[in-house]
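One structure is given here, and the rest of the page talks about it.
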Amino acid sequence: MTPSTTVHSPLRLYGRSGELAILDTLSSRLRAGDGGALVLTAPPGLGRTALLLQAAAHYRAGHGGPVMYAAASPTEQRLPYSGLHALLCAAPGPLPLAPDTVLRSGISPGELLGLLRGLGAEQPLLVCVDDAHAWDPDSRAALGFAARRLGAGSRVAVVIGAADETVFAGLPALRLGPLDDDAATALLDRLTETTAEVDPVVRSELLREAAGNPRLLAGLVGRLTPGQLAGRNALPYPLPGAESVLDAHAGHLDGLSHDTRTLLLLAAAAEEHEPDGAGADAALLLRAGARAGLTAAHLDRVLFAPAGTAGALQRAGSRVHFSHPLLRRAVLHRALPGRRRAVHELLAGLLAGPGAAPLPALVQRACAATGPDAALAGQLEAAAVAPRPHGERSAALARAAALSTDDAQRAARFAAAAEQARLAGDTGRARAMLARVGPQPAGGAAPYVRGMLALRDGPVADAREALLNAAELLAPYDPGLTLDALFGAAEAAWDMGDAIAYLDAMNRIPVAATDRSMAQYRAGMCAVLAGHPDRGHALLRCCLDSVERAEEAGELLRAGAAALVLGEVDAACRAGARALAAVRTRGPEALLPHALEQLAYAELRAGQHARARTHALEGLHAARRTGQQNSATNLHAVLALAASVEGPAEACSAHADAALAGAGPHGLTQAATLATWAVARADLAAGRPGEAAARLGPLVRPGPGTGHFAMRLLAVPCYVEAMVLSGRAGESAAELEVAVREFALWTARTTDPQVPAQLARCRALLATPREAGARYEEALAHHDRAGGDFERARTQLLHGQLLRRMRRTREARGPLRDALVAFERCSARVWAERTGGELRAAGEAVDVPDQSGPGPLAGLTPQQQRIARCVAEGATNREVAVRLSVSPRTVDHHLRNVFAALGVRSRTELARLLDR
């Protein structure tokens, strides 16, 4: 045992703020005279000891109180009362009972409780015991008895560190989990702060291997050289440095019988051919156990009763799992090499029966191999095909690479393993496999995987160049992958907003290598972007018609893209839904974020904002899970657009900020355009047309350095509205005329049902008041044919605003009332609030929830409230007048009344009042 009364302050802890707060609360209560107990439980390496040291050091330094601290030694576990002897040796002062007496004659639980209370009577006492599960049974029983009785007024608190809470059942327990990604990254930065650089792939592999275990992460980092950390030298596989953590895990199983440890080894080996987290097949374990000489009674007792393996194994239906992934690795690590190989060979024999899939048995044979085996490597590669999941194929190909005797074959197999890992959505593993390709040529496979990874999580300009290079290398021997590379390069160019680069990539696709649908899609897109929309639309419509019976996700995604270019938004939604179903059913997992992104965008175009938000949120989670930052950025932009309709404004701003933050470094012009458009539309909803116009101007103007070429015209209706409502239509009449003329040309080509109504609305906004009414009626007639609440309500809102500005308030109430109902029906809350304000200004009482609540403006009229809020935001009288469609003199009149009613004398005082 290791007693201590002098506790040194430990190093900084990462990711444990919640646990530290709980321990601090316990210390504060102890200082006030109230005792208590807490059991900290965690598998080895998660920082249980560090937390105990921190708690002890903090109590001593912050409160000046005495601490009894003892750590267990497993070698003394069979010595009665050795644990309590170590604890009493750490007492802060003389004891009525000598510690050596406890070793000779023991101490009852009641005596220990009285002794601790006596020590606490002098000064509140903190007792810390680490690894208490390794104490002798008598000491554990006495400590648990005493801890359960130390409550309010006892002036003694006990914090116990143990592997699990079962040893001290009935006491409050706090179980530590692995560090989250942010905390693990911060710890890695701290561990490598003296290293000049850490390669991103090495960083990812270290974090992946450590799985949130701080001690394991420190061990892994400590065994790598600066060259290996920097990525200049290859990483060793498996990574060294995990031995101490694995030994600590395995140490908990040393007391189990030989037969039980044999079954644990079988279970650990049986997971080698299974997907991560799938566990082992219980039926296979029963057969393997019987073949290994274990009795049926023992197998039933161990497999069907958790206590049979000291909690190491857990049964879930027909699957058997280890309670912690590191425990499985520890069992394999502790076993002697010869015994481990024998177990793998036993399992391989059982898995190789008639009619069985060959891959599981081959994986077990690979685990039993003593060195390179070209024949076995070839068999593994041949078996790593559909319908096996991509993750299993990647693992099998990596084993085949490790067994390869030829350097070129090894490199090619690691590249293939990387591609399968990418398709499985495991970008970390894909990058780790690429790092093992080495300098040997692997054709174009490795550049292809690097390009595809960059397409989803990197600068898309780099992805385009990598994929074009890969296509050249792949062309002589892999036409299928060459096509994928060129389509990927075209997608990267589209994300960049570079139409010329998109055409370049698409024109490189050999027509002979494409099927009919693919050829139509390629030719149609090239024709549209080359300025031949009629021919291009005809080809894209043929492509769309040809996929009625398609089942492959990639083909359906191309059809959805073709439908969006055509403006057939309902067809785009149907194709997107089918593509999503295909990905969910047949994979690959890597396509899930992209499928959800395309479907959500199509639903936005179709006015189905709630569905778009649901799919985009799912896509965002999938993008984060699969390490696809670019897809996450695009989905944030889609969510910003949805929030610009539904609100709240804070959600729109947050998603737009996230999209713009990701779009800049990676060159995602499409995401940046959509995010900026979303913020501008939110500005319009909030009555800030000047800000909206400033944001939209650069997006809709033609030429380089503007918005995305495919999004530019979509934003024109919002731009025209913003310019007119901000009073800038006169000064920019020529520019607006050009924008509307171009929008009209596009309207004649597209089949988007909302566009004709939007064009009529733009013309109404630019028309004279006498002519505007007829234009608005024309727009509403188009809306009647197209459907969709949101766009129709926007037209009615603008019509009502015009009528009110013309002092035709009674006539204005009808379209404003219809707009309010439509906005509420499609959950466009911010727009409904704006419409409600217009209705109130037109003299109609409206029951629209007010965001601000009663507050200091409760006694003002609705119009006065709107003016007060605008002024508090910093708007001038003229700007307020433009927002609310009133004259500056009306604003001045109301503002004087606002000042008088609220008892303020300046705009600054008004802003301060509303900011409280």
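Numbering (our numbering), first residue to last: -18 to 897. We put the beta carbon where it would ideally sit given N, CA and C, even for glycine.
DSSP, read as helix, strand or coil, puts C807 in coil. Residue state for A102 is assigned as helix, using DSSP reduced to three classes.
Per the coordinates, the alpha-carbon of H590 lies some 25 Å from the alpha-carbon of T566. Secondary structure note for R503: its alpha helix (DSSP H) is the uninterrupted segment R497 to L510. Distance between A365 and A337, taken at the CA atoms: about 14 Å.
The stretch 220 to 240 and the stretch 250 to 262 do not touch, with fewer than 3 CB-CB distances between them shorter than 8 Å.
For F303, the enclosing beta strand (DSSP E) begins and ends at R300 to F303. DSSP places Y50 in the uninterrupted beta strand (DSSP E) bounded by V48 to A52.
For the set E702, G28, G46 and L598, the Cα lying nearest the Cα of R136 is the one of G46.
D119 and P61 have their C-alpha atoms roughly 6 Å apart. Nearest to V20 by alpha-carbon distance, out of A597, A637, A192 and R129, is R129.
Judged by DSSP secondary structure, T408 falls within the alpha helix (DSSP H) whose first and last residues are T408 to A416. In the DSSP annotation of this structure, I490 is not part of any alpha helix (DSSP H), being labelled neither H nor E. Setting aside the 5 residues that flank it on each side, A442 is surrounded in the same chain by A473, M477 and G648, each with a C-beta closer than 8 Å to its C-beta; the list follows chain order. Ranking R410, Y757 and H602 by CA distance to the CA of T776 puts Y757 first.
The beta carbons of A286 and L265 sit about 19 Å from each other, so the pair does not count as a contact at 8 Å. T566: member of the alpha helix (DSSP H) spanning V550 to R567, first to last residue. Taking C-beta atoms under 8 Å as the contact rule, L783 and A823 fail to qualify, at a distance of about 12 Å.
DSSP places A444 within a helical segment (H, G or I) once states are collapsed to three.
Pairwise C-beta distances place the stretch 753 to 773 out of contact with the stretch 717 to 728, as fewer than three of them are shorter than 8 Å.
Taking H66 as reference, the option from S(-2), G87 and P75 with the minimal CA-CA separation is G87.
Between the C-alpha atoms of A297 and T206 there is a straight-line separation of about 42 Å. With fewer than three CB-CB distances shorter than 8 Å, the stretch 298 to 309 does not count as touching the stretch 317 to 332.
A contact between stretches requires three or more CB pairs, one per stretch, nearer than 8 Å, and the stretch 32 to 51 fails this requirement with the stretch 171 to 190. Nearest Cα to G292 within the set H230, L275, A624 and P335: H230. The DSSP-derived three-state label of R693 is coil. Under the 10 Å beta carbon count, R773 is surrounded by 16 or more other beta carbons and is classified as buried.
For D111, the secondary structure class from DSSP, reduced to helix, strand or coil, is strand. If you draw a 10 Å sphere on the C-beta of L510, you find 16 or more other C-beta atoms in it, and that means buried.
Judged by pairs of C-beta atoms under 8 Å, the stretch 604 to 624 touches the stretch 571 to 590, as three or more such pairs exist. Residue pairing by DSSP places T614 in no beta bridge whatsoever. Annotation: A398 to A273 spans about 33 Å, alpha carbon to alpha carbon. Around the CB of S385, 16 or more other CB atoms lie within 10 Å, so the residue is classed as buried. Taking 8 Å as the upper bound for CB-CB distance, A624 and A632 are in contact here, some 4 Å apart.
In the structure shown, the three-state DSSP call for V137 is strand.
The beta carbons of A556 and L577 sit no closer together than 9 Å.
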